[in-house]
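Residue numbers (this note's numbering): 390 to 544. Worksheet: one structure, shown below.
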């Protein structure tokens with residue numbers, strides 16, 4: 390009588406004492422390092438979160454632009470409040486400065502494609518133009534009662 394016994398993991402990488410911990414064998418027999426794959430996935434998720442954060446900040450500036458010359462009325466509607474845009478401009482400046490910082494970090498990452506780097510450059514150029522304009526016209530834009538016309542020149 391002949392008895393054949395096959396143990397668990399007989400076709401894969403066990404890792405028991407062989408220095409193969411964290412590795413798995415694919416169907417074609419090749420071995421993949423699960424630690425490396427896990428790190429790549431984690432890095433991709435972090436990158437996607439950073440891009441999403443920049444996108445959200447940029448959208449918030451678009452919403453701020455809609456509020457030029459407006460105030461919240463009792464019914465929750467936006468009413469006319471012309472010539473009181475200093476805080477609004479300061480908020481937009483702060484958000485754009487934050488976007489610029491985040492774009493610098495994104496651009497430095499090795500995984501960033503040439504296409505994405507080009508888009509980052511476009512946004513960085515626009516944000517620099519905005520911040521330079523605000524700094525250069527602080528006498529008109531940096532005061533509480535910045536006019537609607539001056540504020541709209543920024544967008």
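Yeah, the Cβ is synthetic: ideal placement off N, Cα and C, and Gly gets one too.
For residue 467, there is no enclosing alpha helix (DSSP H); the enclosing beta strand (DSSP E) has its first and last residue at 467 to 469.
The three-state reading of DSSP puts residue 421 in strand, counting E and B together.
By the criterion of a C-beta distance shorter than 6 Å, residue 532 is surrounded in its chain by 475, once the five residues flanking it on both sides are discounted.
If you draw a straight line from the Cα of residue 510 to the Cα of residue 410, it comes to about 42 Å. Bridge partners of residue 412 according to DSSP: 422. In this model, residue 524 and residue 427 are separated by some 44 Å (Cα to Cα). Taking 8 Å as the cut-off, the beta carbon of residue 471 is found closer than this to the beta carbon of residue 458. The C-alpha of residue 529 lies about 12 Å from the C-alpha of residue 473. Straight-line measurement puts the Cα of residue 424 at about 41 Å from the Cα of residue 482. The beta carbon of residue 498 sits closer than 7 Å to the beta carbons of 436 from its chain, once the five residues preceding and following it are set aside; these are given in chain order. Secondary structure of residue 461 (DSSP, three-state): strand. By a beta-carbon distance limit of 8 Å, residue 453 contacts residue 477. Their separation comes to about 6 Å. Secondary structure of residue 500 (DSSP, three-state): coil. Secondary structure at residue 526: coil, using DSSP grouped into helix, strand and coil.
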